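Trainee: Pasting a structure below so you can have a look.
In the numbering used here, the protein residues as written are 2 to 535.
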């Protein structure tokens, strides 16, 4: 069968790339605004991504002005004064409205003793199964197991995307006046639960069109898990006692106590036992509330309440960091016409600032940014005066795609991935950051970029996808460290050993762009509240 016969070609008003909660909300929102929508996902809409296998808290506050203002101001302070209170208010408003809708769709929220629904938590499997059903009911065409490889573009802006299908080994092309990037962040294949499809693909695709990124220095985010597991839901470790290899009890805090675990793990193995849950009632409550935490332990035959188990830290990168594609409008538009971003693929600085968006903020941001970007993309697409079939579109991908000369060696994507991981996983490089160490790491990453992406691409769907993922991870790491070296201070998620204090003069964002040569500039903070010291 020739390549033309194996290519599925579709047209739409809006193309959504990504099938997590942000992508699902974007597709649903665009369809409800009368757009023809196609959604493509690297995995299966409803089960892939960081949300689907677990549960998530939400920013659900009743519309009480005083209560909300207190919450907003607290988050503004915690953000290192880089968030924008107006955007936090927008998220609170949107989440309240959207969760009422989710309940009307049939989600079984818990209720208090008075029968009032407690809409502050969603179980991932039930939530995403429900979202898939609603997206399909809205008339969205869903392409599962269909990784996007590159965007389409012309002089007017973005015009769709191309990719491959794992289901039939063929290719697909969707032409659309507007595209929403909802591909998630980049966790660098660190084996965090649900995160191994999150390799920064959307960031690379957007950057190839000239889109800017922001907040990439706020990515010093690791999460604890059992050393033999992938589950990074570490909240239950607050019930733990920590010990060294020889059984010595380690004092100084827990997984949420600053540098405790990174410092201890940099000195040797660390073990945990949940012995502070010292009654059967407490243990059953913990098992019921966080059942997924116990799966790898049960499979290993370990009783975590009485037996200790080894810990590790898995790097979460931009997934529970903050950085991503820069947004320039209230509907999550980017610097490229027709291109929108949502969820972890977008910067979350406007609602989280320099603080991790993990948990309730990321989940609430996915709902809100998905809803806004879908509506914005639909409005933009439907305002175009000509058919998308009339546009002279060309593929925009440049890295990890071209076959190169027939005599060139094959790109070793596994070696590239390993090379990137050697620079971003180690605590002594990426967590305990210092200028000379980061600079040396960045130079090695630049070298990989110059030498590692030339050659032929291994044929077949998996070979093509993995090479593109390697290019995306490499680009993301370079943006991260470029921004980290530029911010010569320590502010919440970012720290440099040479600059341990927060510098009020650096209350601004850092914008990065470019691929061969990375450019960086400062962006004035649009909202600046003077900090009054009592």
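C-beta atoms are modelled at their ideal positions from N, C-alpha and C, and glycine is treated no differently. A quick note: this is a predicted structure, and the numbers were derived from the prediction, not measured.
Hey, would you say residue 417 sits closer than 8 angstroms to residue 497, going by beta carbons?
Mentor: Cβ atoms of residue 417 and residue 497: not closer than 8 angstroms.
Trainee: When you compare the segment 409-416 with the segment 462-475, are there three or more beta-carbon pairs, one atom per stretch, that lie closer than 8 angstroms?
Mentor: With the cut-off at 8 angstroms, the segment 409-416 and the segment 462-475 touch.
Trainee: Taking 8 angstroms as the threshold (C-beta atoms), are residue 182 and residue 18 in contact?
Mentor: Yes.
Trainee: Whole angstroms is fine: what's the gap from residue 41's alpha carbon to residue 161's?
Mentor: Straight-line Cα distance between these residues: approximately 11 angstroms.
Trainee: Based on Cα-Cα distance, which residue from 208, 281 and 456 lies nearest to residue 518?
Mentor: Of the candidates 208, 281 and 456, the one whose C-alpha sits nearest the C-alpha of residue 518 is 208.
Trainee: Rounded C-beta distance between residue 212 and residue 52? I'm assuming under 8 angstroms.
Mentor: Incorrect: roughly 24 angstroms between the Cβ atoms, too far for contact.
Trainee: If you run the structure through DSSP and keep just helix, strand and coil, what is residue 250?
Mentor: Here residue 250 sits in strand by DSSP.
Trainee: Assess contact between the segment 261-274 and the segment 345-352, defined as three or more Cβ pairs (one per stretch) separated by less than 8 angstroms. Is contact present?
Mentor: Counting Cβ pairs under 8 angstroms, fewer than three are found: no touch.
Trainee: Give me the residue from 180, 61 and 507 with the minimum Cα distance to residue 91.
Mentor: The residue with the shortest Cα to Cα distance from residue 91 is 61.
Trainee: Give the single residue among 436, 43, 357 and 50 whose Cα lies nearest to the Cα of residue 217.
Mentor: Per the Cα distances, 357.
Trainee: Buried or exposed: where does residue 134 fall if 16 or more other Cβ atoms within 10 Å of its Cβ makes it buried?
Mentor: Residue 134 is exposed by the Cβ-count criterion.
Trainee: Count the other CB atoms, across all protein chains shown, that sit within 10 Å of the CB of residue 334; report buried if there are 16 or more and exposed otherwise.
Mentor: When all chains shown are included, residue 334 counts as buried.
Trainee: Can you tell me which of the three DSSP states residue 106 falls into?
Mentor: Of the three classes helix, strand and coil, the one that applies to residue 106 here is coil, per DSSP.
Trainee: Is it a yes or a no for the segment 497-516 touching the segment 229-245, going by three-plus beta-carbon pairs under 8 angstroms?
Mentor: Output reads no: the segment 229-245 does not touch the segment 497-516.
Trainee: Check the C-beta distance from residue 347 over to residue 177 and give it rounded, since I have them as a contact under 8 angstroms.
Mentor: Between residue 177 and residue 347 the Cβ distance is about 19 angstroms, and since that is not below 8 angstroms, they are no contact.
Trainee: Distance check for residue 149 and residue 37, CA to CA, integer angstroms please.
Mentor: Cα to Cα, residue 37 sits roughly 19 angstroms from residue 149.
Trainee: Cβ of residue 313 within 8 angstroms of Cβ of residue 172?
Mentor: No, the pair does not count as a contact, with Cβ atoms beyond the cut-off.
Trainee: Rounded to whole angstroms, what is the Cα-Cα separation between residue 144 and residue 39?
Mentor: Between residue 144 and residue 39, the C-alpha separation is close to 8 angstroms.
Trainee: Go ahead and label residue 226 buried or exposed: buried means 16 or more other beta carbons lie within 10 angstroms of its beta carbon, across all protein chains shown.
Mentor: When all chains shown are included, residue 226 counts as buried.
Trainee: Would the segment 478-489 and the segment 416-432 be scored as touching if the rule is three or more Cβ pairs under 8 angstroms?
Mentor: Enough Cβ pairs lie closer than 8 angstroms, so yes.
Trainee: CB residue 478 to CB residue 424, shorter than 8 angstroms?
Mentor: Cβ atoms of residue 478 and residue 424: closer than 8 angstroms.
Trainee: Where residue 295 and residue 11 are concerned, what is the direct C-alpha to C-alpha distance, given to the nearest angstrom?
Mentor: Computed Cα separation, rounded: 44 angstroms.
Trainee: Mapping DSSP to helix, strand and coil, what is residue 172?
Mentor: Strand.
Trainee: Is it true that the CB of residue 153 sits closer than 8 angstroms to the CB of residue 396?
Mentor: Contact: yes.
Trainee: In the DSSP output, which residue or residues are listed as bridge partners for residue 292?
Mentor: Note: residue 292 sits in no beta bridge, so no partner.
Trainee: Assuming the contact rule is C-beta atoms closer than 8 angstroms, residue 223 and residue 263 should be a hit. Round their C-beta distance to whole Å, please.
Mentor: The pair is a contact, with the Cβ atoms about 7 angstroms apart (cut-off 8 angstroms).
Trainee: Among 219, 375 and 63, which residue has its Cα nearest to the Cα of residue 136?
Mentor: Out of 219, 375 and 63, 375 has the C-alpha closest to the C-alpha of residue 136.
Trainee: From residue 74 to residue 381, what does the alpha carbon distance come to, in whole angstroms?
Mentor: Between residue 74 and residue 381, the C-alpha separation is close to 34 angstroms.
Trainee: With DSSP collapsed to three states, give me the class of residue 564.
Mentor: Any property of residue 564 remains undetermined from this structure, which presents the chain solely from 2 to 535.
Trainee: Return the bridge partner residues of residue 242 from the DSSP annotation.
Mentor: 274, per the DSSP bridge assignment.
Trainee: Residue 524 bridges to which residues according to DSSP?
Mentor: For residue 524, which the question treats as bridged, DSSP gives the partners 510.
Trainee: Starting from residue 324, trace the alpha helix (DSSP H) in both directions and tell me its first and last residue.
Mentor: Taken as a continuous stretch (DSSP letters only), residue 324 belongs to no alpha helix (DSSP H), as it is neither H nor E.
Trainee: Short check: CB of residue 327 to CB of residue 512, under 8 angstroms?
Mentor: Their beta carbons are under 8 angstroms apart, which means residue 327 touches residue 512 by this criterion.
Trainee: Can you find the residues in the same chain that come closer than 6 angstroms, C-beta to C-beta, to residue 275, ignoring five residues on each side of it along the sequence?
Mentor: Only 240, 241, 305 and 306 meet the Cβ criterion.
Trainee: Where does residue 330 land, buried or exposed, given buried means 16+ other C-beta within 10 angstroms?
Mentor: It is exposed - the Cβ of residue 330 has fewer than 16 other Cβ atoms within 10 Å.
Trainee: With respect to the alpha helix (DSSP H) encompassing residue 136, which residues constitute its N-terminal and C-terminal limits?
Mentor: Note, residue 136: alpha helix (DSSP H), 125-138.
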